[in-house]
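The number in my numbering is simply the position in the sequence shown, starting from 1, with 20 added.
For each residue, glycine too, the CB sits at the ideal point set by N, CA and C.
Because the structure is a prediction, the values reported are computed rather than measured.
The structure under discussion appears below in the form of structure tokens.
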Amino acid sequence: MTAPGRRSSTFTRLLRHGFTDASAAERLLDSDELMPVRNDPVLLEALGATADPDQALLGLVRLLEAQPDPTARRELLDTLIAAKPLRDRLLGVLGASAALADHLARHPRDWHALVTYEPRDLHPGVEEFERGLAEADDPVSLRVAYRRCLLSIAARDVCGTTNIAETAAELADLATATLRAALAIARAAAPEDAALCRLAVIAMGKCGGHELNYVSDVDVIFVGEAVDGADEGKALRAATKLASHMMRVCSETTVEGSIWPVDANLRPEGRNGPLVRTLSSHLAYYQRWAKTWEFQALLKARPVAGDIELGEEYVIALEPLVWQAAERENFVADVQKMRRRVVENIPAAEVDRELKLGPGGLRDVEFAVQLLQLVHGRADASLRSGTTLDALQALAAGGYVGRQDAVQLDDAYRFLRSMEHRIQLYRLRRTHLVPEDDADLRRIGRSLGLRADPVAELTREWRRHTAVVRRLHEKLFYRPLLDAVAQLAPGEARLSPEAARERLVALGYADPAAALRHLEALASGVTRKAAIQRTLLPVLLGWFADSADPDAGLLNFRKVSDALGKTPWYLRLLRDEGAAAENLARVLSAGRLAPDLLMRAPEAVALLGDGDAGGLGPRGRDHLEQEILAAVGRAEGAVQAVTAARGVRRRELFRTAAADIVGSYGTETHPAEADPGALVDRVGAAVSDLTAATLAGTLRAVVRDGWGEELPTRFAVIGMGRFGGHELGYGSDADVVFVHEPREGVGEREAADAANKVVSEMRRLLQIPSADPPLLIDADLRPEGKSGPLVRTLNSYEAYYRRWSLVWESQALLRAEPVAGDEDLGRRFLELIDPLRYPARGLGDEAVRDIRRLKARMEAERLPRGADPKLHTKLGPGGLSDVEWTVQLMQLRHGHAEPGLRTTRTRAALAAARAAGLIRAEDAETLDEAWVLATRVRNAVMLVRGRAGDTFPSDGREVAAVGRYLGYGDGMVGDMLDAYRRTARRARSVVEELFYGG
């Protein structure tokens, strides 16, 4: 008897053998069914070797209880103790699969299926499975026989008799035998239909590829023909009835559950197309209408049931079309778009647990292998396997993939498939999600041989293999290209020049010959620099290919590398700092502006090293002005000083553009910015602050060069338009007005001459042709426009506004904000204009009509000839002008009464109007969305083309690059344009109501 408070020796042994609920296990071992063997060490040892000893023991007790009589129970126990093969197989299945334990409890004699241990039972094929299903003549008996066969597959699997590839092949063979049995049941039920037609069942997907899961849809396509002398229409109707019945036999739920769904949606036209077609109808569809993914799916097509001869004719007829698919327009874009769409459809909460479809999952390997098969299988028939692992091995053997990389991916794929199998085997449910419960993870880990700390070991191995797969594009697509041009390992199989060119075209490179020259120049040789480039380039090539213009990305990288190749820090930065290389790849392939800025001073690459938090983070106005003024102070003469200021401006424009591109594209570690408004605000604030700091530095340089420390007149620069609103884009001019005030004792003429000379010199110095982009100063918003004096005194402004000011000038002053020069003078200028822009009584009806007339005239007269108004971001319906004039009308009307409206910033004023109840929340959101989108399009156009534009580019690559910046993938330009039109149309309807109708 066990002393009180002490555990029994059995309890301790159970814990040592891996039981988690030793008390329950003790009770089960004490049951009548197990009494004869409860102390047998062989039983405990065998239970402890299973994935879940508690579950295995419970399943064994249930199986014993279900035996029809004591003799049958004794037979099972005797065989269990005496025969190690049965013991390992039966307990292994019971510990890994609750669903198969349930089956054995319902069909207690089926354990005999695990007793036989002969060579032919080790690797059964279709013939053996057909014998196992031979007696099934209805859906219920077919399910029982199917699970009996499944028992033997699972037993070999969990005991390690078969590996993952062999298990998947056995499951596909069992599916083949099951489809044949189901079709036989359907034929027997309708012999008159069977007599009219020939029906072939073509397996697709994992069944066709001989790599099926435990629980998966079985994808099929049906081909039908009339028998000699039969009417084709009647024959096809008969074939359709047989096919439908066959699908129901497998898919419908009975008292024994279902087998698996039979899915025919890969057929031509999908669900909308006929279930059964003739061979000629299939061929006509694929020749004229099929999409890229349909040819990709045909890689795995295999006749499995029905008229095999007809099925072979189908495969032979379509095979040439499959291997021509890579020559189709948009082939790679289509494949990549499919892959992205799959990932985007996964719920966010499940992405990290999705074994099949998530990043680094099984589908990544399968898609990549299929892409390489379609690209290179045209010329190399050895690659034409429907089985992923066989195809990967063939790709390595042919030099299309590095052997070591292929081994790593093979290991990762096998591990992930093994996890998937163990997850599905437990309940025989179709799932690809890694469970979150520790008990489930423990069972899976133990089933895979991870016994020390199953949960931690499983998680670690899973993450390690996922990381390998995440880098598969580098390994499969790009590293072989480097091996082909570098040719450092004699005797190694490698891509031929033609194969390398084919691959580059398939990956989106328009000029493969030039790309290969760049790769050879960068990576050839035995220098340390070339060795580092060979490490970097496979990764960079993938990032370039993810852009709209991979050729430009690679060319720009070569230029930067040529310029910085001899510096010790450049390649070290890219190699050692994870963010730097990816950020550089994104920046170099996103358009012309950022690379042009970088080429003028390549050392700015160093900014990319610290990621968003450091090198690319925006710098504030004070910091910028301090640096520029210090540089001006060190310079000799105004020209040198402004050159220094413009150099800082160029570097900071690059920093802003790079941060914008990286934030818009996202990186592997940081997803794209979810709030486009935040990106717009950051760019607007950064460029506006930079422009203000540059003007301040230029003003200091001009004054010092002409007058020493002090100008004879106080002088201030007032930002207007987008500049005053902190909304400048990359290509925006600086809209300003200039105000001065003579110092005490200085005459009006002297002061005016000095002020005009300052303005003239500032404009000249900021536009001198140089390596740095010019900063254009636009003073056309001053009183009287181009006809008026360039600079006025504060008193002159006061007199003009008192006597002559028009309502459009009050509207323009809404954006006025001092940006450089005398702060006190700038403040007094604002005090002067506040009554004009925020009138105490709001706007009269006549003033409102004037604004509306002016807006209507501008829409009619200023839109460029030939431009599509619906896509013009500035003047088109729902564009920037619509939103800004609507907001500004509210500011003029209500700014005096609502302090929140007294801002120069459009989005802030819109938010204040919403808070004050001047606009409905949904209308404010509509206008804000349209304004942000139009601003982003303008920024994108400048980044892509290197010059400003108010509408989408007409060039295909350029408009695609704009789309990538806005978050649209390859082939989605139409979606982007539709979304813009839709957003602008909604905004215009709000403008019609608030601006023209209010």
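Examine chain B for any beta-carbon lying closer than 9 Å to the beta-carbon of residue i, and answer yes or no.
{"i": "Leu83", "result": "In summary, chain B is missing from the structure at hand, where a single protein chain is found."}
Distance check for residue j and residue i, CA to CA, integer angstroms please.
{"i": "Ala621", "j": "Pro793", "result": "12 Å"}
{"i": "Asn776", "j": "Gly983", "result": "45 Å"}
{"i": "Tyr306", "j": "Glu289", "result": "10 Å"}
{"i": "Glu333", "j": "Arg257", "result": "21 Å"}
{"i": "Cys217", "j": "Pro211", "result": "11 Å"}
{"i": "Ala321", "j": "Gly406", "result": "8 Å"}
{"i": "Leu584", "j": "Tyr590", "result": "6 Å"}
{"i": "Ala772", "j": "Ser816", "result": "12 Å"}
{"i": "Glu148", "j": "Val546", "result": "57 Å"}
{"i": "Ala103", "j": "Leu194", "result": "27 Å"}
{"i": "Tyr685", "j": "Tyr985", "result": "6 Å"}
{"i": "Gly8", "j": "Gln646", "result": "Lying before the first or after the last residue shown, residue 8 is absent from the chain, which here runs from 21 to 1018."}
{"i": "Met1020", "j": "Asp177", "result": "No statement about residue 1020 is possible, as the shown extent of the chain runs from 21 to 1018 and does not include it."}
{"i": "Asp98", "j": "Arg163", "result": "29 Å"}
{"i": "Glu276", "j": "Thr198", "result": "15 Å"}
{"i": "Leu262", "j": "Leu574", "result": "56 Å"}
{"i": "Leu470", "j": "Val489", "result": "21 Å"}
{"i": "Ala368", "j": "Leu834", "result": "43 Å"}
Thinking C-beta only, is residue j closer than 9 Å to residue i?
{"i": "Val756", "j": "Val839", "result": "yes"}
{"i": "Ile648", "j": "Ala664", "result": "yes"}
{"i": "Arg669", "j": "Leu719", "result": "no"}
{"i": "Leu883", "j": "Ile871", "result": "no"}
{"i": "Leu375", "j": "Met439", "result": "yes"}
{"i": "Arg523", "j": "Phe497", "result": "yes"}
{"i": "Ser807", "j": "Leu856", "result": "no"}
{"i": "Ala174", "j": "Leu478", "result": "no"}
{"i": "Leu391", "j": "Ala526", "result": "yes"}
{"i": "Ala968", "j": "Ser752", "result": "yes"}
{"i": "Arg702", "j": "Gly683", "result": "yes"}
{"i": "Arg612", "j": "Ser567", "result": "no"}
{"i": "Ala215", "j": "Val247", "result": "yes"}
{"i": "Arg1005", "j": "Lys894", "result": "no"}
{"i": "Ala201", "j": "His230", "result": "no"}
{"i": "Val559", "j": "Ala610", "result": "no"}
{"i": "Trp131", "j": "Leu83", "result": "yes"}
{"i": "Thr923", "j": "Ala929", "result": "yes"}
Leaving out five residues on either side along the sequence, give the residues of the same chain with a beta carbon under 6 Å from the beta carbon of residue i.
{"i": "Asp425", "result": "Lys495"}
{"i": "Ala529", "result": "Reading the sequence as shown, one finds Tyr at residue 529 and not Ala. Ala535, Pro570, Asp571, listed in sequence order."}
{"i": "Thr196", "result": "Val146, Val324"}
By the three-class DSSP mapping on this structure, what secondary structure does residue i have?
{"i": "Ile205", "result": "helix"}
{"i": "Thr196", "result": "helix"}
{"i": "Glu329", "result": "helix"}
{"i": "Leu508", "result": "Interpretation of Leu508 is limited by its pLDDT of 48, a score under 50 that renders its predicted location unreliable; no figure is taken from the coordinates."}
{"i": "Ala936", "result": "coil"}
{"i": "Asp798", "result": "strand"}
{"i": "Val454", "result": "coil"}
{"i": "Phe39", "result": "coil"}
{"i": "Arg548", "result": "helix"}
{"i": "His916", "result": "coil"}
Give every residue of the same chain whose Cβ lies closer than 7 Å to the Cβ of residue i, excluding the five residues on either side of it in the sequence, and list them in chain order.
{"i": "Ser236", "result": "Lys226, Trp280, Arg450"}
{"i": "Ala1007", "result": "Gly898, Asp902, Val903, Thr946, Leu947, Ala950"}
{"i": "Arg734", "result": "His760, Glu761, Arg763, Asp842, Leu845"}
{"i": "His892", "result": "Leu883, Gly899, Asp970, Thr971"}
{"i": "Arg913", "result": "Gly862, Leu863"}
{"i": "Glu1012", "result": "none"}
Sorted by chain position, which residues of the same chain lie with C-beta nearer than 8 Å to residue i's C-beta, five sequence neighbours on each side aside?
{"i": "Gly635", "result": "Ala626, Leu627, Leu628, Gly629, Arg675"}
{"i": "Val389", "result": "Thr408, Ala411, Leu412, Leu415, Leu496"}
{"i": "Arg93", "result": "Glu53, Leu84, Gln87"}
If you scan the region 815–871 from start to end, which runs of the alpha helix (DSSP H) of 4 or more residues do you find wholly inside it?
Qualifying alpha helix (DSSP H) stretches, in chain order: 827–833, 843–857.
Hey, which unbroken runs of the alpha helix (DSSP H) at 4 residues or more fall wholly within the region 82–167?
Taking only runs of at least 4 residues, the alpha helix (DSSP H) segments lying wholly in the region 82–167 are 90–102, 104–116, 118–126, 139–142, 146–153.
Identify every run of the alpha helix (DSSP H) within the region 575–623, keeping only runs that are complete inside it and at least 4 residues long; order them along the chain.
List check, alpha helix (DSSP H) in window: 590–596, 598–609, 613–619.
Where are the beta strand (DSSP E) runs, 3 residues long or more, that stay fully inside the region 214–287, in chain order?
Within the region 214–287, the complete beta strand (DSSP E) runs of at least 3 residues are 217–223, 238–246.
Could I get the ranges of all uninterrupted beta strand (DSSP E) runs contained in the region 668–749, with 3 residues as the minimum, in chain order?
For the region 668–749, whole beta strand (DSSP E) runs of length 3 or above, ordered along the chain, are 733–739.
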